[in-house]
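Residue numbers (our numbering): 84 to 511.
Each residue gets a CB set at the ideal place from its N, CA and C atoms; glycine is no exception.
Here the structure is a predicted model, which is why all the values come from computation and not from measurement.
Heads up, the thing below is written out as structure tokens.
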Ligand SMILES: Cc1ncc(COP(=O)(O)O)c(C=O)c1O
């Protein structure tokens, strides 16, 4: 099973049999609140009628269309809708099937772009510690989660370096929104540029907000500073918006929230509310145009997937984009509610930090001595017994409730978590 304690799970299975709105149904019949919108990917709630019907109609009309040397109109229309939403008219979209594929695609575009422009030495990619960019060879290479990397070192792409992560609880503990401390960490990019020389660096890739490693919020000014440094040195800036794209921060993209224009944006998950796998890369028009050389009957970019732009995934995305204009302002209005709720857990047993941005939050809990990663799992189990499904990783519990949640559901989620924390502490 993906990222699962297989042996424990087989002895204690946790099975989901149905979903509706903001709730899952477990195999024993219990309804639980889906506090992470699936895996950050179902912000519109489960099985909204419009998405269900769009997929049903599409499978009857055009189930599959070859993605190589052929196309179908809805995919092109989707690309236009996505660039319009991102206020990047004229830019292009390359469709894939997951966040991992989006990241590997963006890295390939970056390196190939510089080569196409005659700067073939620009191959190095800069990632960041604690980053999660999926599990492709490119993604784990630029990613910064040691456990995802250590077994695969010989397979990783060479020529990668990492910025330091920005999480320092002693300086930013219990931050509400963006921390004041940490802007200087962006200047580490200048140090890496001095070390490797800009002429060898293709791109910098960062999650604007690090989601999977526990809602690590960028310090004020940090992303703007990265943008300035990249621009100064001709380095492409890639935002991995697989989690933040399509509204998680209350704006269509994190690029809007932070008012930073990256050269590429990777997305997946919420683009179509996860009804059918879909991801993609928004690519600056100038990058696209650099590939458009040579005889026009030849392929310009040797890359793509059988299921790129799959008609069912695209149909789901159109339906999701129809729902987003209503869902997004509601999500934005819930952000301060979530902030106040989660920070009310300060002082509860085991809690060592709380942070939030947009409609996302995380709390850290004190580890069980000598048993790393056990405590958050215990809290997860206590919460699940009480009707709340959180996400646990390491010593962190994350929440990213569906945009369709009510204020009362956010409050109830918080109170259930409070009970779960107290019950876990009572276990000793
Ligand atoms: C920022 C980011 N990039 C990439 C991925 C990988 O996406 P997938 O699991 O769809 O391959 C994730 C998944 O959580 C992610 O959070």
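Rounded Cβ spacing between residue i and residue j (contact assumed at less than 8 angstroms)
i	j	result
residue 359	residue 399	5 angstroms
residue 176	residue 188	Not confirmed; about 11 angstroms, so no contact.
residue 445	residue 503	15 angstroms between Cβ atoms; not a contact.
residue 240	residue 281	Between residue 281 and residue 240 the Cβ distance is about 19 angstroms, and since that is not below 8 angstroms, they are no contact.
residue 209	residue 275	6 angstroms
residue 327	residue 213	Not really, about 16 angstroms apart at Cβ, beyond 8 angstroms.
residue 121	residue 357	6 angstroms
Enclosing alpha helix (DSSP H) for residue i [first to last residue]
i	result
residue 401	394-426
residue 440	Careful: residue 440 lies outside any alpha helix (DSSP H), inside the beta strand (DSSP E) at 434-440.
residue 222	220-225
residue 249	It is not in any alpha helix (DSSP H) - residue 249 carries neither H nor E in the DSSP assignment.
residue 217	Careful: residue 217 lies outside any alpha helix (DSSP H) and carries neither H nor E.
residue 236	Counting along the chain, residue 236 falls outside any alpha helix (DSSP H), and DSSP gives it neither H nor E.
residue 451	It is not in any alpha helix (DSSP H) - residue 451 carries neither H nor E in the DSSP assignment.
Proximity below 7 angstroms, CB of residue i to CB of residue j
i	j	result
residue 454	residue 471	no
residue 298	residue 162	no
residue 563	residue 450	The requested residue 563 does not occur in the structure, where the chain is confined to residues 84 to 511.
residue 493	residue 420	yes
residue 312	residue 263	no
residue 242	residue 217	no
residue 333	residue 351	no
residue 507	residue 465	yes
residue 321	residue 286	yes
residue 436	residue 252	yes
residue 402	residue 137	yes
residue 474	residue 119	yes
residue 105	residue 418	no
Closest by C-alpha distance to residue i, when choosing among the options
i	options	result
residue 315	103, 291 and 284	284
residue 308	418, 447, 484 and 342	342
residue 415	269, 251, 331 and 266	331
residue 190	348, 151 and 426	348
residue 230	361, 86, 91 and 172	86
residue 355	271, 507, 394 and 154	394
residue 126	475, 404 and 281	404
residue 201	246, 176 and 373	373
residue 339	378, 498, 227 and 324	324
residue 247	236, 434, 240 and 289	289
residue 180	268, 391, 172 and 380	391
residue 505	233, 458, 487 and 260	458
Extent of the continuous beta strand (DSSP E) run through residue i
i	result
residue 447	443-448
residue 228	First-last for residue 228: undefined, no H or E at that position.
residue 512	The chain is shown from 84 up to 511; residue 512 falls before or after that span and cannot be answered.
residue 482	479-482
residue 288	284-289
Give, in chain order, every unbroken run of the alpha helix (DSSP H) that is at least 4 residues long and sits entirely within the region 309-397.
Counting whole runs of 4 or more residues, the region 309-397 contains the alpha helix (DSSP H) stretches 337-341 and 368-374.
Uninterrupted beta strand (DSSP E) stretches inside the region 84-138 (no shorter than 3 residues):
Here the runs fully enclosed are 99-103, 106-109 and 114-117.
Which runs of the beta strand (DSSP E), 3 residues or longer, sit entirely within the region 171-206?
175-179
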